[in-house]
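Quick notes on the structure that follows.
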Amino acid sequence: MNDLDDLYREIILDHYKNPRNQGVLEGPTVHAQEGFNPLCGDEVTIYAQVEDGVVVDIKITGQGCSISRSSASLMSQAIKGQPIEEVKATVSRFKRMIAVEESEGEPEQIDLRVVGELAALQGVVKFPVRIKCATLPWNTLMIALEDAQAH
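Letter by letter, the sequence shown follows residues 1 to 151 of full-length UniProt numbering.
What follows is the structure in structure tokens.
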């Protein structure tokens, strides 16, 4: 185990034990609840306030394993205050980082300075069964944003 792995483990545990942007947002303009991940019992609901194409606030409720919950917390920090187009780019970078976008199936080497603390989740690629745990909040967010843009 190296120092970087230890740091990533600490980041994941911190976000699991102290999730950011937890709770229900009153009067959200965007809301989505993803289904259930039977492998871990993960459930995620996203509430967001989008104004003039910017995610000005986001709250998350749900339950799940440490990977799902820390991924939701990290995601909320990464996208809060961002324009929707940048949010979509962040989602795409995250999914490429853990090799779940329609590509060759290999993780893309991402500039870790760009993804910041999200890099802590890069180790999920070593455990394919956990990729669904890590992506559940991100997929839920995209459902919410797509619904908002359709209306």
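Cβ coordinates follow ideal geometry from the N, Cα and C atoms, glycine included.
- For GLN22, the pairing in a beta bridge is given by DSSP as ILE60.
- When DSSP states are grouped into helix, strand and coil, ASP42 belongs to the strand group.
- Taking the C-beta atoms as reference points, VAL30 is found no nearer than 8 Å to LEU136.
- In this structure, VAL91 lies away from LEU25, with their beta-carbon atoms at least 8 Å apart.
- When beta bridges are read from the DSSP output, VAL50 appears opposite VAL55.
- Beta-bridge partners assigned by DSSP to ASN37: ASP42.
- Listed in chain order, the non-local C-beta contacts of SER76 below 7 Å within the same chain comprise ARG20, ASN21, ILE58, ILE60, local neighbours out to five positions each way being set aside.
- Annotation: LEU13 to LYS80 spans about 21 Å, alpha carbon to alpha carbon.
- Using a Cβ-Cβ distance cut-off of 8 Å, the segment 32-45 and the segment 81-88 are not in contact, since fewer than three pairs of beta carbons, one from each stretch, lie closer than that value.
- Under the DSSP definition of a beta bridge, HIS15 lacks any partner.
- Taking the Cα of ASP5 as reference, the smallest distance to any Cα among ALA134, VAL129, ARG96, GLU117 is reached at GLU117.
- DSSP lists VAL54 as the bridge partner or partners of PRO83.
- Residue state for ALA78 is assigned as helix, using DSSP reduced to three classes.
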